[in-house]
Amino acid sequence: MAIASSMRISASALTAQRCRLDVIAGNLANAQTTRTSEGGPYRRREVVFQVADTGQGGGVRVARVQESAQPPVQIYNPHHPDADPNGYVTVPNINPITEMVDMMAATRAYEANVTAFNAAKQMINAALELGRG
10 MAIASSMRIS ASALTAQRCR LDVIAGNLAN AQTTRTSEGG PYRRREVVFQ VADTGQGGGV
70 RVARVQESAQ PPVQIYNPHH PDADPNGYVT VPNINPITEM VDMMAATRAY EANVTAFNAA
130 KQMINAALEL GRG
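First residue of the sequence shown: 10, per the working numbering; consecutive thereafter.
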């Protein structure tokens, strides 16, 4: 049924956008983390999507969450506990404004998929009502 397929596609997009929002929240929370358990500053993470090969209708899925290729930034702060001998601290290359814009885009995509899911649900209900006659 094509309508059920559209619901599966919307549901897969909801899951993908939720993952994207989680990653963005982690980036914002760690924007000033100078030392992780692996050593060094936190690295910005990005979500990579791909087409979900379900055989019918497709959809989207999270292929992976990867670290950004952008190098960290060095700022001069000689009193910071993680400062090097020259007084520089290596901090994540995370721009909170960019992260907030990405969060807004992910939220809008999530809302659009909720709307599409609900529209498909209403169509199924209308078809069932017609069948009851």
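We treat Cβ as the ideally placed atom computed from N, Cα and C, and that holds for glycine.
Any idea which residues DSSP pairs T99 with across the strands?
-> Your numbering for residue 99 matches position 90 in the sequence shown. Its beta-bridge partners are Q83.
May I have the straight-line CA-CA distance separating Q83 from T116, to the nearest angstrom?
-> Counting from one through the sequence shown, the residue named residue 83 turns up at place 74. Counting from one through the sequence shown, the residue named residue 116 turns up at place 107. Approximately 32 Å, taken between the alpha carbons.
Should R52 be labelled buried (16 or more other beta-carbon atoms within 10 Å of its own) or exposed?
-> Within the sequence shown, the letter at position 43 stands for residue 52. Buried: at least 16 other Cβ atoms inside 10 Å.
Measure the C-alpha to C-alpha separation of N155 and A78 and round it to an integer number of angstroms.
-> Here the chain comprises residues numbered 10 to 142, so residue 155 is not present and cannot be evaluated.
Extent of the continuous beta strand (DSSP E) to which R54 belongs = Counting from one through the sequence shown, the residue named residue 54 turns up at place 45. Residues 54-60.
Residue environment, T43, which counts as buried when at least 16 other CB atoms sit within 10 Å | Along the sequence shown, one-based indexing puts residue 43 at 34. Per the 10 Å Cβ criterion, buried.
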